[in-house]
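Take a look at the structure below.
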Amino acid sequence: MAENKHTQHVHHIEPYSPEFEAMVPTGIVKFLRTCVIWQFIRFIVINIKMLIVVQKSHH
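Quick note: the sequence shown, position 50, residue 1202 per the working numbering, numbers continuous.
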């Protein structure tokens, strides 16, 4: 009996293998994710953007 693509067994891929094709964070990305100063700056920027949107909706 021939199997079609819906009944074939799923092939599992090992993490970090060439087949995985997922992005691995660079050193800069890891630093920005853990840097409290950068997170605070992003927090302020997002809040300013939110205030602008709310202010526009009240006019």
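All C-beta atoms in this analysis are idealised placements derived from N, C-alpha and C, irrespective of residue type, glycine included. Only a predicted model underlies this, so the values are computations on that prediction, with no experimental measurement involved.
Residues near residue i in its chain [Cβ-Cβ closer than 8 Å; skip 5 each side]
i	result
V1197	none
Enclosing alpha helix (DSSP H) for residue i [first to last residue]
i	result
V1206	1188 to 1209
Spatial neighbours of residue i in its chain, beta-carbon cut-off 6 Å, leaving aside the 5 residues before and after
i	result
K1201	none
W1190	L1184
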